[in-house]
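>
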Amino acid sequence: MHIGAPSRPLVEVGTQVKRGEKIAEAQGGISACLHSPVSGTVSAIEPHLTASGSRTDCIVIDSDGLNTPDPSLRPHPECEHDPDALIALVREAGITGMGGAGFPTAAKILSARGKADTVLFNGAECEPGIVSDFCSMLDNSPQLLHGMELLLMACGAEKGVLAIEENKSEAISLLSPLLPERITLRVLPTAYPQGGEKQLIYRSLGREVPSGGLPADVGCAVFNVETVIAVAEAVESGKPLIERYCTVTGTALQKPKLVKIAIGTPVEHILRSVDPLCEPRKVIAGGVMMGSSLFDLSVPAEKGTNGIFAMALDDTRFREQSVCIRCGRCAENCPMGLMPNYLYMFVKKNALDKLRAYHLNDCLDCGVCAYGCPARLPLNQSFRLGKAKLRADDAARRAREQAEKEAR
Amino acid sequence: MEEKKLYVSSGPHIRGKESVSSLMLSVLLALLPALLAGVYLFGLRALWVVLVSVGSCELFEWGWCALTHRQNTLRDLSAAVTGLLLGLSLSPTVPLWLPPVGAFFAIVVVKQLYGGLGKNFLNPALAGRCFLFAWAPLMSSWVAPRCADAVSAATPLAVMKTLSLPPESLLSSFLGFKGGCIGEVSAAALLLGAAFLLLRGVIRLRIPLSYLLTVAVLTFLFPRGNERILWMSHQLLSGGLLLGAFFMATDYVTSPTTARGQLLYGVFCGVLTVLIRYFGSYPEGVSFSILIMNLLVWTLDRLHMRRVFGHGKEART
Ligand code: SF4
Ligand code: SF4
Chain G
1 MHIGAPSRPL VEVGTQVKRG EKIAEAQGGI SACLHSPVSG TVSAIEPHLT
51 ASGSRTDCIV IDSDGLNTPD PSLRPHPECE HDPDALIALV REAGITGMGG
101 AGFPTAAKIL SARGKADTVL FNGAECEPGI VSDFCSMLDN SPQLLHGMEL
151 LLMACGAEKG VLAIEENKSE AISLLSPLLP ERITLRVLPT AYPQGGEKQL
201 IYRSLGREVP SGGLPADVGC AVFNVETVIA VAEAVESGKP LIERYCTVTG
251 TALQKPKLVK IAIGTPVEHI LRSVDPLCEP RKVIAGGVMM GSSLFDLSVP
301 AEKGTNGIFA MALDDTRFRE QSVCIRCGRC AENCPMGLMP NYLYMFVKKN
351 ALDKLRAYHL NDCLDCGVCA YGCPARLPLN QSFRLGKAKL RADDAARRAR
401 EQAEKEAR
Chain L
1001 MEEKKLYVSS GPHIRGKESV SSLMLSVLLA LLPALLAGVY LFGLRALWVV
1051 LVSVGSCELF EWGWCALTHR QNTLRDLSAA VTGLLLGLSL SPTVPLWLPP
1101 VGAFFAIVVV KQLYGGLGKN FLNPALAGRC FLFAWAPLMS SWVAPRCADA
1151 VSAATPLAVM KTLSLPPESL LSSFLGFKGG CIGEVSAAAL LLGAAFLLLR
1201 GVIRLRIPLS YLLTVAVLTF LFPRGNERIL WMSHQLLSGG LLLGAFFMAT
1251 DYVTSPTTAR GQLLYGVFCG VLTVLIRYFG SYPEGVSFSI LIMNLLVWTL
1301 DRLHMRRVFG HGKEART
């Protein structure tokens, strides 16, 4: 349910678990622990469909409906001023990036430590229509402020910048008087895609992460505000990452709703709780631009599931595909400065060298190009294919070189 | 919801409203004022010329698709746009068998033989028109007392030779009371349509503006005669310049897709237009300039790619 190595289960079928109890251990640096979001009994550990469409080992817990908390959870005041203790706690609490990609937060802090002079706190929603960041900031401003201080301390950075989109004026007016001196507020125009790390760093600080590089390369680290809040909660009460805000919306629902979900809840339950009668024909986990559409609603919500979109049939527009008319809209709008019209042609022609020369691998897969294409070409969709081809080509070349070396 | 199937696709799960046909429809609408002005000025005969041109373009497009067993592409409206542009850039007095000849060249030779919409590297309407130009004997048959192409397009040429300004006032030239091709004469109508396209976001100002500015600057700097401003204004208003700059040079397929490429494209079009108008033997500078620049579009694109994010030497602050 996150990027990196799968974690190792600590429970067996039949184990009684409490809410917040650790049920799986992180394996290696880029991995995260898992905790039970409910109290109940483990009923199965088996491969289960996830939002990405593949099967992953999942721990199925039958809730007893009581939500008895794990008694061992306690505040961790020792982490207030000790970076190492904080990183260990963040790791133990299973905290990952909650804006979408789900990179384990402890690993991120480690990569930024000593390199980052500025830490960015990302309150700019990653996708249109999602308000999870916004609402979590409103509801948990003390934790947000506390968490920002903690992360600055852990990264060893001097300055913090809280980035919020300008249409979230409530959050701006609530937070701006509360911010300490070393954290500045940066109000950004509302735009997509700026919740992405590279765009956010560029828009807020004017720094450009080099191609293939990390935010730490330009002295930055980026944390989503919900992640920040989770860090503060872990310190204040020992609560691991077991729930999150999720925007449930879409044309198939009577009323959109922002809900707090237990991580691991099947999407179907979440939808039913918002609108018991809904009959969606297309359901997207994540946002409408980059989320994945589900073919089975029993998949669990994940740590990065910030939105669920349930669309009625009429939203799934079947539109005729035309040919590229070279209108230039895609190139005009690409946040990375790529030329999708040419890339599309090169993918079709299988021109791998050209794909490299035109920097296909810098593509964010944000979907802006395909969104605006009047010919409705599957631009970024084909780029995924192109990237896979490049990866395969790279692997083949490495294997060849290896073989040659051995032959010599 | 268990029994019902779910639709699955990969993101983005929403799409913009614009489509190829909606864009083409906008261009058709934007050319309507010019057509109406032409019909008003030259009578119903002009309407016939345009209708025959549009009809024959549609027919050739349909015929080609039928012949090659391809999906009928009439609905994308691109053939209609080609037909309308071709018709508007003809003299109202041409024999009615002429537009179909141009239409055949435009649709079949220039567009479809190169693979259809999006693949042609010359603007079909312009190529069709120039094809008709190139068959020199037809040229003379276009000349008519009030509205010969020679009056509008050749007047600058004549003026250049005699160093005098055209007889019309600037205002009547702006409104369209002068000789010329059906859709070229009324600058007012063309600008109205162009404004619509710009506001609708169908075209951008880069190409037309750099094109017109270049022509303006060059004709201002090198006037024939003493009245710089008047000379420049007549140059801007006469011939196919406005139709070309706003409706032909901006053709998506045959113009660059990069911002800087587009600016340069406009500038070069302007330089070529003035050169041909001053020194060429043809009266028409605009069509040939744009066609010549069409050939350089891919080069311009390649030379003027945007800097890819994260590949700069220095991050901007
Ligand atoms: S937006 Fe679509 S039609 Fe326009 S240039 Fe890009 S790929 Fe071609
Ligand atoms: S998905 Fe399209 S717009 Fe987004 S970065 Fe890739 S090429 Fe550019």
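Protein chains in written order, with my numbering: chain G, 1 to 408; chain L, 1001 to 1317.
The beta-carbon is built from N, C-alpha and C at its ideal position, and this holds for glycine as well.
Which runs of the beta strand (DSSP E) at least 3 residues long sit entirely within the stretch 301 to 335 of chain G? Give them in chain order.
307 to 311
> Pairs of beta-carbons, one from the stretch 1069 to 1081 of chain L and one from the stretch 1032 to 1051 of chain L, closer than 8 Å: are there three or more?
no
> Rounding to the nearest angstrom, what Cα-Cα distance links Lys257 of chain G and Leu214 of chain G in this structure?
35 Å
> Under 9 Å between the Cβ atoms of Asn306 of chain G and Phe223 of chain G?
Result no, Cβ atoms of Asn306 of chain G and Phe223 of chain G do not sit closer than 9 Å.
> For Leu338 of chain G, verify whether its CB is less than 8 Å away from any heavy atom of ligand 2.
yes
> Under the three-state reduction of DSSP, which class applies to Met1001 of chain L: helix, strand or coil?
Low confidence applies here, because Met1001 of chain L scores a pLDDT of 42, under 50, leaving its location unreliable; read the following figure in that light. The answer is coil: DSSP assigns Met1001 of chain L none of H, G, I, E or B.
> From which residue to which residue does the beta strand (DSSP E) around Arg384 of chain G run?
Element bounds for Arg384 of chain G: not the beta strand (DSSP E) but the alpha helix (DSSP H), Leu379 to Ala407.
> In chain G, what lies closer than 8 Å to Tyr1252 of chain L by C-beta?
Ile325, Arg326, Cys327 and Gly328
> So is Ile1014 of chain L in contact with chain G if we call contact Cβ pairs under 9 Å?
yes
> What residues match up with Val42 of chain G in a beta bridge as DSSP calls it?
G:Ile61
> Residues of the stretch 229 to 245 of chain G in Cβ contact with chain B at a cutoff of 9 Å, in chain order, please.
Considering every chain present, this structure includes no chain B. Its protein chains are G and L.
> Residues of the stretch 1030 to 1062 of chain L with a CB closer than 7 Å to any CB of chain G: list them in chain order, please.
none
> Quick check: is any heavy atom of ligand 1 less than 8 Å from the C-beta of Gly147 of chain G?
No heavy atom of ligand 1 is found nearer than 8 Å to the CB of Gly147 of chain G.
> So does the stretch 1206 to 1215 of chain L actually touch the stretch 1259 to 1271 of chain L, counting three or more Cβ pairs closer than 8 Å?
yes
> Go ahead and label Asp1301 of chain L buried or exposed: buried means 16 or more other beta carbons lie within 10 angstroms of its beta carbon, across all protein chains shown.
buried
> Determine the contact status of Leu151 of chain G and Leu200 of chain G, defining contact as a CB-CB distance below 9 Å.
no
> Using the rule of at least 16 other Cβ atoms within 10 Å of the residue's Cβ for burial, across every protein chain shown, is Glu233 of chain G buried or exposed?
buried
> Given a cut-off of 9 Å, decide if Leu1088 of chain L and Leu1243 of chain L are closer than it, judged by their beta-carbon atoms.
yes
> Which chain L residues sit within Cβ distance under 8 Å of Val274 of chain G?
Simply none; closest approach about 13 Å.
> For Ile1290 of chain L, which residues in the same chain have their Cβ closer than 7 Å to its Cβ, ignoring the five residues on either side in sequence?
Asn1123, Leu1126, Gly1244, Met1248, Ala1249 and Cys1269
> What number of angstroms, rounded off, separates the C-alpha of Ala262 of chain G from the C-alpha of Ser63 of chain G?
11 Å
> Quick one: what's Thr251 of chain G bridged to in DSSP?
Per DSSP, none; premise fails for Thr251 of chain G.
> When we look at the beta-carbon of Tyr342 of chain G and count the other beta-carbons within 10 Å, is it buried (16 or more) or exposed?
buried
> Would you say Arg19 of chain G lies against chain L (beta-carbon separation less than 9 Å)?
For Arg19 of chain G, no CB of chain L lies under 9 Å from its own CB, so it is not counted at the interface with that chain.
> I'd like the span of the beta strand (DSSP E) that includes Asn1123 of chain L, first residue to last.
That residue, Asn1123 of chain L, is in no beta strand (DSSP E); it is neither H nor E in DSSP.
> Could you please give me the residues that DSSP links to Phe121 of chain G through a beta bridge?
Looking at the DSSP assignment, Phe121 of chain G forms a beta bridge with G:Leu162 and G:Phe223.
> Check this for me: beta carbons of Val1297 of chain L and Gly1261 of chain L, under 9 Å apart or not?
yes
> Cβ-heavy atom distance between Leu200 of chain G and ligand 2 below 8 Å?
False, no ligand heavy atom lies under 8 Å from that Cβ.
> Check the Cβ-Cβ distances between Gly1083 of chain L and every residue of chain G, and say whether any is below 9 Å.
no
> Is Gly14 of chain G buried or exposed, if buried means 16 or more other CB atoms sit within 10 Å of its CB?
When all chains shown are included, Gly14 of chain G counts as exposed.
> Using the beta-carbon count (16 or more within 10 Å), is Leu1132 of chain L buried or exposed?
buried
> Asn380 of chain G to His76 of chain G, Cα distance in whole Å?
45 Å
> For Gly1116 of chain L, decide whether its Cβ has a neighbour in chain G, counting only Cβ atoms nearer than 9 Å.
It does: the Cβ of Gly1116 of chain L has a partner Cβ on chain G nearer than 9 Å.
> For the alpha helix (DSSP H) that Thr1299 of chain L lies in, which residues bound it at each end?
Its alpha helix (DSSP H) spans residues Val1297 to Leu1303.
> Label Ile270 of chain G either buried or exposed according to how many other C-beta atoms from any shown protein chain fall within 10 Å of its C-beta, with 16 as the threshold for buried.
Classification for Ile270 of chain G: buried.
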